[in-house]
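Add 4 to a position in the sequence shown, counting from 1, and you land on the number used in our numbering.
Have a look at the structure below, then the notes.
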Amino acid sequence: MTSLLASMVPTSVVDFWLETINPLWSTQQALARITHLEHAASDSVTLTLKANRHVQGFLPGQHINITVEVNGVRRTRSYSPAWVNSNTGEFSITVKRVDAGIVSRWLSQHSCIGQVVEISPAFGDMTLDAAQPKATLMLAAGSGITPFLSLLRGHLTSYPAPITLLYWAKHEHELCFVDELNALASTHAQFQVQYLLTQADQPAQRLNEQHLQTHLERSNNSQIFACGPQGFVQSAAALAKQYDVPAVTEAFYAPEIIFDSNHRVAVTLQRSQKTVMLPVGQSILSALEAEGINPAYGCRRGLCNTCSCTKLSGSTRHIQNQDSNHESPTNVRLCINSASSDLTLDL
Ligand code: FES
Numbered sequence: 005m006t007s008l009l010a011s012m013v014p015t016s017v018v019d020f021w022l023e024t025i026n027p028l029w030s031t032q033q034a035l036a037r038i039t040h041l042e043h044a045a046s047d048s049v050t051l052t053l054k055a056n057r058h059v060q061g062f063l064p065g066q067h068i069n070i071t072v073e074v075n076g077v078r079r080t081r082s083y084s085p086a087w088v089n090s091n092t093g094e095f096s097i098t099v100k101r102v103d104a105g106i107v108s109r110w111l112s113q114h115s116c117i118g119q120v121v122e123i124s125p126a127f128g129d130m131t132l133d134a135a136q137p138k139a140t141l142m143l144a145a146g147s148g149i150t151p152f153l154s155l156l157r158g159h160l161t162s163y164p165a166p167i168t169l170l171y172w173a174k175h176e177h178e179l180c181f182v183d184e185l186n187a188l189a190s191t192h193a194q195f196q197v198q199y200l201l202t203q204a205d206q207p208a209q210r211l212n213e214q215h216l217q218t219h220l221e222r223s224n225n226s227q228i229f230a231c232g233p234q235g236f237v238q239s240a241a242a243l244a245k246q247y248d249v250p251a252v253t254e255a256f257y258a259p260e261i262i263f264d265s266n267h268r269v270a271v272t273l274q275r276s277q278k279t280v281m282l283p284v285g286q287s288i289l290s291a292l293e294a295e296g297i298n299p300a301y302g303c304r305r306g307l308c309n310t311c312s313c314t315k316l317s318g319s320t321r322h323i324q325n326q327d328s329n330h331e332s333p334t335n336v337r338l339c340i341n342s343a344s345s346d347l348t349l350d351l
């Protein structure tokens, strides 16, 4: 019925009337409605959402982008569902309020049951393969716990290898899902969990070699997953490299870049017919935003591809691994690349 209507009338008109009947009805847009809301910790809220039929399935440990309208402006951020029911299309996300985070503040303060948000296809490589099990050390800091919770809920009953979760927070009251994690540890012999506080009295609670050594003694076929702030996952990646253990890391934010604001290059936005002078070394996304230009973005860490656009000429540098890209035309992700020469972008 909806496809017949859509073939006769513009999609936007069909969607407008469908949404007046049911906010989840749409001819092509992936949408989800908030069905349940619960405060998981003093600064976190857990939202349960039900997706419409345009949302493809996703694996435990993956992420999705959520788009909401805040003060008339569409804002997108990525979240990792902590629970997924692929039969009903329901999933839950835990949102930690960040003072400077427009979307996290809006979701934690203004979201309510019945609201509808846009969502993207799933993305991310932090997934477990039960057919090729490995002893897995999960390193979580803050809301980096959510992909691990999803992995544990989705895999623990069928995953045969040992799993150790080390979960850091500044204070005890900021730890989420403690009762559930303890229950999982008491009912699954291959799972251990340990909580570590970085602003408590005990010294040496920060991630260190000892944490890896203890885990690696349990198996010689191991992998490390780390999710948290940039500095935390960089330490985890460095330790994994030191011990030659494969690691998948996901940081909340792109790294802070020290750049020379005096060294600028001309970046031309071809479709907008604008040229701006941007500092070398800063992500193109942040540098454009500083000029009052706001390209679309989601995760800001090179995962979701939302900020990707075509580079028509010039050179860019990847701000994490420092690889240069001189090819054109080619796609660049604006959040993790900086301009290293004059550039033309299809923006
Ligand atoms: S915003 Fe997700 S890849 Fe750039």
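Where is the CB? At the ideal position from N, CA and C, for every residue including glycine.
Values in this document were obtained by computation on a predicted structure and should not be read as measured data.
Between the alpha carbons of residue i and residue j, how many angstroms are there, rounded?
i, j, result
"K138", "F229", "11 Å"
"E184", "Q217", "26 Å"
"A343", "S147", "31 Å"
"A291", "V77", "20 Å"
"Y301", "A255", "16 Å"
"T52", "R109", "17 Å"
"A294", "P250", "37 Å"
"N325", "T310", "20 Å"
"S345", "N225", "44 Å"
"N69", "N89", "18 Å"
"T348", "R321", "14 Å"
"D47", "G105", "13 Å"
"P164", "L35", "36 Å"
Taking Cβ positions, are residue i and residue j nearer each other than 8 Å?
i, j, result
"F236", "L211", "yes"
"H177", "Q203", "no"
"S190", "A86", "no"
"I97", "H40", "no"
"L160", "L143", "no"
"L338", "S287", "yes"
"L156", "H219", "no"
"N335", "S312", "yes"
"E221", "L243", "no"
"L307", "S82", "yes"
"A270", "T253", "no"
Are there 16 or more other CB atoms within 10 angstroms of the CB of residue i, so buried, or fewer, so exposed?
i, result
"H43", "exposed"
"H215", "buried"
"S328", "exposed"
"V74", "exposed"
"K278", "exposed"
"T92", "exposed"
"A372", "Past the edges of the chain, shown from 5 to 351, lies residue 372, and the structure says nothing about it."
Since residue i and residue j should fall inside the 8 Å C-beta cutoff, what is the C-beta to C-beta distance between them, to a whole number of angstroms?
i, j, result
"C231", "P166", "Wrong, their Cβ atoms sit about 19 Å apart, outside the cutoff."
"L273", "L351", "4 Å"
(request) Assess, as a yes-or-no matter, whether the region 48-68 is touched by the region 120-137 under the definition of 3 or more beta carbon pairs within less than 8 Å. (result) Inter-segment contact for the region 120-137 and the region 48-68 is present: three or more beta-carbon pairs are separated by less than 8 Å.
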